[in-house]
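Enquirer: Each residue of the sequence shown is one higher than the one before, starting from 1 at the first, in our numbering.
Glycine included, every Cβ here is placed at the ideal spot set by N, Cα and C.
Keep in mind it's a predicted model, so treat the numbers as computed, not measured.
Following this message is one structure expressed as structure tokens.
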Amino acid sequence: MFNHSTHRSAILGFDKTKVTVTFDNEHQHECRLDLGCGGNDQGFAEHCLSMARYYRQHKGDVDKPWLYDKHHQQLIELINTYELDHSFIDLGRMQVKQVEEQAKAEEAAKEEAQQQERERAWRKHQQAEEAFQETLEVPQWAKGVIVATLTDYDAEISEPYAGEFHTKTLKIIILAWSKHSRNLFPELRKACLNHPETAVLNDPDKSVEHRERFAMGEGYYLTDTKYIRYGWQIKKRNFYREDSKARYVPLGEIAINE
């Protein structure tokens with residue numbers, strides 16, 4: 001399916017136009033789409049001039065022997081006999097350029113609106129999280145909280161060609177309080193049993209232990225076996241300030257088994 005600007009360019013009489021193809025894996029490829037000759041003078045003239053121009057530029061190239069094919073030579077000779085209105089072509093190109101610029105402006109406006117909507121959603125989430133934390137009762141003995149986070153690939157803001165892969169949070173579950181600040185995987189696995197969606201991670205054969213103790217690492221955490229950048233992650237969040245423990249607990253479903 002070609003995009004809006006392609007459709008409008010075709011309406012103006014151009015049978016060749018640029019399109020951006022988006023594949024299932026979110027990769028994109030820009031190419032020129034041949035819509036076929038629809039019987040319009042403008043598209044036909046542009047096509048003829050394009051073939052003649054290409055022939056003049058590459059007729060000496062040894063890697064293009066088909067340019068000397070008998071039928072192609074006859075085609076070029078025929079095109080050279082046409083009296084084509086160059087001003088008509090230039091006008092069409094200018095119109096197409098205007099369409100493309102308008103389409104880019106509309107796309108930029110759309111992206112700006114989406115960004116504003118994301119910011120509004122984030123502010124709303126922050127307000128809800130603050131309200132959640134204000135009513136949360138954290139035991140005095142608790143030194144940390146074990147949290148399960150389910151994430152997924154965010155195709156909307158990721159840029160695969162630039163190496164930018166972003167995730168979005170689908171669900172957060174508060175699994176258990178911890179009496180200490182140590183990183184122990186048996187404790188994480190036990191906490192997984194407090195919710196049916198994370199219970200499978202209690203099985204060592206169906207989960208993976210991560211120990212990222214380097215500078216940019218995420219520390220100790222447990223994930224499902226398919227986890228690369230997204231999926232289930234079980235991790236302890238230690239309380240570094242006794243007077244504001246609730247601030248370390250994210251907004252989520254409480255599944256703590258007292």
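1) Keeping to the same chain, check which residues put their C-beta closer than 7 Å to that of Q133; ignore five residues upstream and five downstream.
2) Nearest to L251 by alpha carbon, out of A128, L201, A103, M216?
3) Using 8 Å for Cβ pairs, my map puts A52 next to I89. What's the rounded Cβ distance?
4) Check the DSSP bridge columns for T223 and list the partner residues they point to.
5) Just curious, the alpha helix (DSSP H) that W122 is in, first and last residue?
6) Helix, strand or coil: how does DSSP classify R247 here?
7) Note the first and the last residue of the continuous alpha helix (DSSP H) segment covering A255.
8) Taking the continuous alpha helix (DSSP H) assigned at K143, which residues delimit it?
9) Along the chain, where does the beta strand (DSSP E) that runs through I79 open and close?
10) Does the beta-carbon of E46 have 16 or more other beta-carbons within 10 angstroms, so that it is buried, or is it exposed?
11) Can you tell me whether DSSP reads L49 as helix, strand or coil?
12) The beta strand (DSSP E) spanning K179 covers which residue range?
13) Name the residue from D24, A148, A121 whose alpha carbon lies nearest to the alpha carbon of A198.
14) With distances taken Cα to Cα, identify the nearest neighbour of W141 among L170, W177, C192, E117.
15) Leaving out five residues before and five after Q28 in sequence, what residues of the same chain have Cβ atoms less than 8 Å from its Cβ?
16) On the three-state DSSP scale, how would you describe L193?
17) Go ahead and label R241 buried or exposed: buried means 16 or more other beta carbons lie within 10 angstroms of its beta carbon, across all protein chains shown.
18) Determine the direct distance from the alpha carbon of Q57 to that of Y68, and round the result to whole angstroms.
Expert: Reading it off the structure:
1) A246, R247, V249
2) A128
3) So it is not a contact: roughly 12 Å between Cβ atoms.
4) V208, Q233
5) 86-135
6) helix
7) No alpha helix (DSSP H) holds A255; DSSP gives it neither H nor E.
8) No alpha helix (DSSP H) contains K143, which DSSP labels as neither H nor E.
9) Element bounds for I79: not the beta strand (DSSP E) but the alpha helix (DSSP H), 70-80.
10) buried
11) helix
12) From DSSP, K179 is part of no beta strand (DSSP E); its letter is neither H nor E.
13) Looking at the sequence provided, one finds Thr at residue 198 rather than Ala. Among D24, A148, A121, the Cα nearest to that of T198 belongs to A148.
14) W177
15) T20, V21, T22, Y161
16) coil
17) exposed
18) 13 Å
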